[in-house]
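Structure record follows, encoded as structure tokens.
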Amino acid sequence: MDNNQHVGDLVEFFKVLGEPNRLRIVGLLGQRAYTVEQLAVTLGVGASTVSHHLARLARAGLVAARSESYYNLYSLQTNALSGMAKELLAQAQPARPAHEQGLSDFDRKVLATFTTSDGRIKAFPMQERKFRVLLRHVLPSFSHGVRYTEKRVNEILSKYNDDTARLRRWLVDFGYMAREGGGGKYWRVDEG
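Encoded structure:
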């Protein structure tokens with residue numbers, strides 16, 4: 000479904016619910032099933048008006064009727080409401096940042112737990128596997144083929160956490176970066 004169609008469906012859904020009597024009908028049907036006549040008496044409107052509103056709600060997938068004796072009993076279709084709620088929540092969630100796209104669920108969970116919304120590391124995990132996720136999180140800040148001074152490495156890492164020595168050391172220890180002996184240049188060694 001293209002975006003225009005999707006927006007059109009949302010607009011139609013809210014137009015259907017935007018009419019006060021239809022909204023009251025949804026509220027009543029949320030409690031139990033009603034006939035047209037019962038709804039008309041409860042709402043204080045004519046049966047033809049209720050039938051019109053029920054037809055609009057049915058087209059939106061919000062109500063369904065079942066025959067019982069001589070009457071149709073109308074009930075709320077909660078799956079339509081929950082589906083729309085899920086759709087709205089999915090639309091409300093921001094798109095994943097580029098650095099999070101393609102991550103496993105485990106990596107996303109670790110990042111959500113140990114980083115702030117702006118990507119800063121707020122705590123270091125005890126498990127090596129989780130710590131490696133954080134190291135891979137900072138690694139894209141370093142370009143392939145570039146040699147960095149220790150000062151520059153610290154400047155870059157300070158955007159992620161104030162403990163730049165720990166991050167710098169572990170990037171080297173876990174093989175994500177290499178360095179010349181005696182505090183020389185650092186460079187990225189993974190294949191990305």
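In terms of numbering that gives the first Met the number 0, the sequence shown has 69 at position 70, counting the first letter as 1, and numbering is strictly consecutive.
Glycine included, C-beta positions come from ideal geometry on N, C-alpha and C.
This one's a predicted model, so the numbers in the text were calculated from it and none came from an experiment.
query: Can Tyr147 and Trp186 be called in contact, C-beta distance under 9 Å?
result: For this step, residue 147 is matched to residue 148 along the sequence shown. For this step, residue 186 is matched to residue 187 along the sequence shown. Closer than 9 Å, so yes.
- prompt: Hey, how far is the Cα of Arg55 from the Cα of Asp104?
  reply: Mapped onto the sequence shown, residue 55 falls at position 56. Mapped onto the sequence shown, residue 104 falls at position 105. Spanning the two alpha carbons is a distance of roughly 41 Å.
- request: Count the other C-beta atoms from every protein chain shown that fall within 10 angstroms of the C-beta of Ala59, then say buried if there are 16 or more, exposed otherwise.
  value: Start at 1 with the first residue of the sequence shown, and residue 59 comes out as number 60. Ala59 comes out buried.
message: Could you compute how far the alpha carbon of Leu134 sits from the alpha carbon of Gly181?
response: Translated into positions along the sequence shown, residue 134 becomes position 135. Translated into positions along the sequence shown, residue 181 becomes position 182. Looking at the two C-alpha atoms, the distance is approximately 23 Å.
- prompt: Mind checking His143: buried by the 16 CB within 10 Å criterion, or exposed?
  reply: One-based indexing of the sequence shown puts residue 143 at position 144. Classification for His143: exposed.
message: Using a 10 Å radius around the Cβ and a threshold of 16 neighbouring Cβ atoms, would you call Thr114 buried or exposed?
response: Position 115 of the sequence shown holds residue 114. Looking at its Cβ environment, which holds 16 or more other Cβ atoms inside 10 Å, Thr114 is buried.
message: Using CA atoms only, rank isn't needed, just tell me which of Asp162, Leu61, Ser47 and Ala39 is closest to Lys121.
response: What you label residue 121 is simply residue 122 of the sequence shown in a count that begins at 1. With respect to the C-alpha of Lys121, the residue from Asp162, Leu61, Ser47 and Ala39 having the closest C-alpha is Asp162.
query: Taking the DSSP output, what are the residues bridged to Val62?
result: Mapped onto the sequence shown, residue 62 falls at position 63. Beta-bridge pairing links Val62 to Leu75.
query: Do Leu38 and Leu61 come within 9 Å of each other at the CB atom, strictly closer than that value?
result: As a working note, residue 61 is residue 62 in the sequence shown. As a working note, residue 38 is residue 39 in the sequence shown. No, Cβ-Cβ distance for Leu61 and Leu38 is not below 9 Å.
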